[in-house]
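Accompanying notes for the structure given below.
Protein chains in written order, with this note's numbering: chain A, 1 to 253; chain B, 1001 to 1466.
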C-alpha cells in the first residue's frame, strides 16, 4: 500500500506538470522552445530576426559572433539599428576592415560622436615570433579594455585570428560589465567550438537579401536560414526607381 | 581656548615594506606633515618629530578625536603621539614615553597617546633638546627634571648654561611664545628616491616609481589638486660607458626622462600606475639606474565628483578617459580615433577621423543626409580592372543605379574630383559603390566626357554597402 502510494507519487513527479517548469531558473529552457533570456536584450530592428532570437534581440552581456566569408562585410546592416537604440554611450570599433562612413551611419541613427575607433598599429617589418604573438594579443587587449569601461555601450571587434579561450575571456568580460559585444570572424571558424551564446553566419544573396543562418542559439536549431532585406529603405527606393527605367543603367550609355 | 599641542613621531620600519603596499611612501614624515597642514597652519619639524597646534581647528573638524582620526587614519606607519599645553611639553612627553635610544618596537598600525599623565615638572631633562648638551653638569648639580632646573636662579642659569636653555624652559611653560620655522606645503611636488639596488630593466623602475606616486598622492590630497603632467627622471650610472646614450628618452646627459600626461586632472593612483607601466614598457635603459625623481609639471584644482542619486545608474568599470588613455599609451596616440563630420561633397572629406587626444571639443556634429551612402568607405579608392568596358571586382559588376555626378575640389587646384558614382552589384560582395574618374578618360574627353563608362575610363571601388 505504502509502496503503491510512493510509486504513484514518483510517477507523478516523473511526468512533471508543464507549469511546474516555468518556475525553473531562466538558464534552463525546454529543448523545443527558445530560452527566456535571463539578461537584457536589444531589439535588432528586424521583426523576422527578433522572432528567432532568444529574448527577442541581441543579448546584452554576452558574446555574439558573426561569421562571414573573408573580405565580405555586411555587419552594419544587421547591427546599426540595434546600436542606434542601445543607448547614448560610445560604440567602440576595434580594428575594422575599412573606414566606417560616418554620414551613412548617422543616417541610420548612430550619432557620430558615439563612434570610437581603435586602429591597430602596423606590425613591424622584422617581427620575430614572440613579437608576432604579442601583436595578435593587442586587439584582444584593446577589446577587453573597452568592455571594462563604464560608459561604453557596445563593442564591435574584428578578430579574424581569435582563439576559443581568448573569446571566452571576452565573453566573461562582457557578462561582467553588461555590454553588447559583437565579434566578426571569418566563416572558416564555423566548425570550431565557440563560447558565444549566439552565432550567425551572414552571406549576401544575389537577389537583394541578406541570408542569415543561425548556427547557435539558446533554443532548438533553426533548419532554414532567414532572408532579410539587405538595404535601407532609401537605397531600396533608389534601386526600385532605377530598375523602373526598364533598361539597366549600363545599357543607357 | 587654551592652546593644545600634539607631538608626532614615526617609527622607522625595520623590515622593508612589501612593494605595492599603500604605506610604501618615500618620506612618511613629510607626508604626515602635509596631512597635518590640511588641519592647521602651525606645523613644525622639531627634534626629529612633528609638533602642531590644533586648538583653533578642533571645532571645525568636529572635536579633538575626530581631528586626530583625520590626521592619523589611514596610518602612514607605526607612530607615537603625545599632547600637552605647549609644543615642548608635548615633545617632552613623547620622548619620555619612548626615548630615541630605546629599542624600537614595531607597533600594529595605529597610534596611542603616551605620557599624557606626566606632570610638566616631573619630565626628565633628557627630553628637552636645549638641555641635552648640559646633561652631565646638570646631573652633578642634582637636577634631573624640568622643575628642578626651573627652581634654580634665572640669572645664574643664564650665565652658566646660556640663554637657550632659559628660553626653552620659558617656552615650555608658556611664558614666551613658541615660534618655530613653520612648514609650508610646497607649490610643486618634487621628490627624489634612491633605489635600494641598481635597476637594470625599465619595467623594474615601476616599483620605485610606485612609492613616489604614493607620496605624490599625499601631496595632491593636501593641495586638493589633480595631476595633468608628470615627469619621471632617472639618473644613469655614470661609470658605465653607455651612460651618455641618446634616444627618445635619454638626452646624452646621463639622465633619462619620461613625461606622463592625462587628459583629465586625476588623483587616481591606479590609473597613473598603469599609464606609467605602459610607458616604461617602451623604455630601454642603456645603463643601470640608481636614482629616481618625480616632479609635477602641470596640476589643476580638483573639483568634487558628482555621483548619481540613483543606485541603478552606476555602471561598473572605469571611466572613459582612463580607458582611452591606457589604450592610447599602448597602441599609440594616433591609433585611438573619434569621428567628426564636415560639410563637403567629396566622400573622403565628409568625415574626419582624428586622434581622440587632439579632438576639437567645440566641433559641431551635423546630421548629414547620408541614407544613400555606403556604410564602409575604402581609405584609398581601389582601382578596378576593366574587361570589355565593364568594371570587374571578383567577377563582373552590374551597375544598378547612377550616375551620381560629383564635381568638387576645382578651387583647390591640383586634383579636382570629377567622378560619376554608381551603385553596382557584385556576385559575392553585395552592393558596391564605384566611380568612374572622368579626368583619366581619353584626352579628347578630358573633364567633359559623357557619362562614365567611356572606353579606357578608369574605374575605382570606393565603398561597400554593408
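For every residue, glycine included, the Cβ atom is placed at its ideal position computed from N, Cα and C.
From the beta carbon of residue i, is the nearest beta carbon of chain B less than 8 Å away?
i: residue 221 (chain A); result: no
i: residue 102 (chain A); result: yes
i: residue 232 (chain A); result: yes
i: residue 195 (chain A); result: no
i: residue 98 (chain A); result: yes
i: residue 112 (chain A); result: yes
i: residue 107 (chain A); result: yes
i: residue 138 (chain A); result: yes
i: residue 31 (chain A); result: no
i: residue 119 (chain A); result: yes
i: residue 287 (chain A); result: The shown model of chain A, from 1 to 253, leaves out residue 287 (chain A), and the question about it has no answer.
i: residue 204 (chain A); result: yes
i: residue 242 (chain A); result: yes
i: residue 239 (chain A); result: yes
i: residue 172 (chain A); result: no
Relative to the ligand ATP, is the shortest distance from any of its heavy atoms to the C-beta of residue i smaller than 7 Å?
i: residue 1457 (chain B); result: As presented, the structure is devoid of all ligands, the ligand ATP included, so that no description of it is given.
Express the C-alpha separation of residue j and residue i in angstroms, rounding to a whole number.
i: residue 1226 (chain B); j: residue 1199 (chain B); result: 29 Å
i: residue 1415 (chain B); j: residue 1274 (chain B); result: 46 Å
i: residue 28 (chain A); j: residue 54 (chain A); result: 12 Å
i: residue 217 (chain A); j: residue 235 (chain A); result: 31 Å
i: residue 1221 (chain B); j: residue 1164 (chain B); result: 38 Å
i: residue 221 (chain A); j: residue 1333 (chain B); result: 45 Å
i: residue 1192 (chain B); j: residue 42 (chain A); result: 54 Å
i: residue 138 (chain A); j: residue 205 (chain A); result: 34 Å
i: residue 61 (chain A); j: residue 83 (chain A); result: 14 Å
i: residue 951 (chain B); j: residue 1336 (chain B); result: Because residue 951 (chain B) is not part of the residues shown, which for chain B are 1001 to 1466, the question remains open.
i: residue 1080 (chain B); j: residue 1088 (chain B); result: 16 Å
i: residue 1398 (chain B); j: residue 1345 (chain B); result: 25 Å
i: residue 109 (chain A); j: residue 1326 (chain B); result: 29 Å
i: residue 255 (chain A); j: residue 1206 (chain B); result: Since the first residue shown for chain A is 1 and the last is 253, residue 255 (chain A) is missing from the structure and cannot be characterised.
i: residue 1390 (chain B); j: residue 1457 (chain B); result: 10 Å
i: residue 1249 (chain B); j: residue 1025 (chain B); result: 26 Å
i: residue 1317 (chain B); j: residue 89 (chain A); result: 14 Å
i: residue 1010 (chain B); j: residue 1241 (chain B); result: 41 Å
i: residue 1382 (chain B); j: residue 1434 (chain B); result: 9 Å
i: residue 1177 (chain B); j: residue 1085 (chain B); result: 12 Å
i: residue 1216 (chain B); j: residue 1031 (chain B); result: 9 Å
i: residue 114 (chain A); j: residue 74 (chain A); result: 20 Å
i: residue 30 (chain A); j: residue 152 (chain A); result: 34 Å
i: residue 1231 (chain B); j: residue 1045 (chain B); result: 28 Å
i: residue 121 (chain A); j: residue 1074 (chain B); result: 43 Å
i: residue 1050 (chain B); j: residue 1041 (chain B); result: 13 Å
State yes or no: is the beta carbon of residue i nearer than 8 Å to at least one beta carbon in chain A?
i: residue 1318 (chain B); result: yes
i: residue 1327 (chain B); result: yes
i: residue 1459 (chain B); result: no
i: residue 1375 (chain B); result: yes
i: residue 1408 (chain B); result: no
i: residue 1001 (chain B); result: no
i: residue 1392 (chain B); result: no
Per DSSP, which residues does residue i bridge with? Please list them.
i: residue 183 (chain A); result: A:65, A:157
i: residue 1266 (chain B); result: B:1227
i: residue 227 (chain A); result: A:211
i: residue 1437 (chain B); result: B:1419, B:1458
i: residue 1358 (chain B); result: BP columns for residue 1358 (chain B) are empty, so no partner.
(message) Beta carbons nearer than 9 Å to chain A: which residues of the segment 1336 to 1365 of chain B have them?
(response) Those residues of the segment 1336 to 1365 of chain B that come within reach of chain A (Cβ to Cβ, closer than 9 Å) are 1336, 1337, 1338, 1339, 1340, 1341, 1347, 1348, 1350, 1351, 1352, 1353, 1356, 1363, 1365.
(message) What are the residues in the segment 54 to 87 of chain A lying within 8 Å of chain B by C-beta distance?
(response) If you check each beta-carbon in the segment 54 to 87 of chain A against every beta-carbon of chain B, the ones closer than 8 Å belong to 69, 71, 72, 73, 74, 75, 76, 77, 80.
(request) Mind checking the segment 1033 to 1066 of chain B against chain A and listing, in chain order, the residues whose C-beta falls within less than 7 Å of any C-beta there? (result) Among the residues of the segment 1033 to 1066 of chain B, none has a Cβ less than 7 Å away from any Cβ of chain A.
(request) Decide yes or no for the touch test of the segment 1278 to 1292 of chain B against the segment 1226 to 1244 of chain B: beta carbon pairs closer than 8 Å, at least 3 of them. (result) Between the segment 1278 to 1292 of chain B and the segment 1226 to 1244 of chain B there are three or more inter-stretch CB-CB distances shorter than 8 Å, so the stretches are counted as touching.
(message) Can you pull out the residues from the segment 143 to 160 of chain A whose beta carbon lies closer than 9 Å to at least one beta carbon of chain B?
(response) Cβ contacts with chain B come from 145, 146, 147, 148, 149, 150, 151, 152.
(request) Determine contact between the segment 64 to 80 of chain A and the segment 194 to 203 of chain A, defined as no fewer than three beta-carbon pairs at a distance below 8 Å. (result) In short, these stretches touch, since the Cβ pair count reaches three.
(message) Can you pull out the residues from the segment 176 to 190 of chain A whose beta carbon lies closer than 8 Å to at least one beta carbon of chain B?
(response) So the list reads 176, 177, 178, given in the order they occur along the chain.
(request) Could you tell me whether the segment 143 to 150 of chain A touches the segment 169 to 186 of chain A, where touching means 3 or more Cβ pairs closer than 8 Å? (result) The segment 143 to 150 of chain A makes contact with the segment 169 to 186 of chain A, as at least three CB pairs between them are under 8 Å.
(message) Could you check whether the segment 1401 to 1412 of chain B touches the segment 1422 to 1429 of chain B, counting it as contact only if at least three pairs of C-beta atoms, one from each stretch, sit closer than 8 Å?
(response) Yes: at least three Cβ pairs fall under 8 Å.
(request) Give, in chain order, every residue of the segment 1245 to 1275 of chain B whose Cβ lies closer than 8 Å to some Cβ of chain A. (result) Those residues of the segment 1245 to 1275 of chain B that come within reach of chain A (Cβ to Cβ, closer than 8 Å) do not exist; the list is empty.
(message) Does the contact criterion of 3 or more C-beta pairs under 8 Å hold for the segment 1369 to 1384 of chain B versus the segment 104 to 121 of chain A?
(response) Using a C-beta cut-off of 8 Å, the segment 1369 to 1384 of chain B makes contact with the segment 104 to 121 of chain A, since at least three inter-stretch Cβ pairs fall below that distance.
(request) Could you tell me whether the segment 1003 to 1014 of chain B touches the segment 1043 to 1054 of chain B, using the rule of 3 or more Cβ pairs below 8 Å? (result) Yes: at least three Cβ pairs fall under 8 Å.
(request) Check distances from the C-beta atoms of the segment 1191 to 1207 of chain B to those of chain A and list, in chain order, the residues that come in under 9 Å. (result) When CB distances to chain A are screened at a threshold of 9 Å, not a single residue of the segment 1191 to 1207 of chain B falls below it.
(request) Mind the definition here: the segment 1125 to 1133 of chain B touches the segment 1165 to 1172 of chain B only if three or more C-beta pairs lie below 8 Å; say whether that holds. (result) As far as the Cβ criterion goes, the segment 1125 to 1133 of chain B touches the segment 1165 to 1172 of chain B, which means the pair count is three or higher.
(message) Taking 8 Å as the cut-off, does the segment 1033 to 1042 of chain B touch the segment 1181 to 1192 of chain B (at least 3 CB pairs, one atom from each stretch)?
(response) Proximity of the segment 1181 to 1192 of chain B to the segment 1033 to 1042 of chain B meets the contact definition, three or more beta-carbon pairs being nearer than 8 Å.
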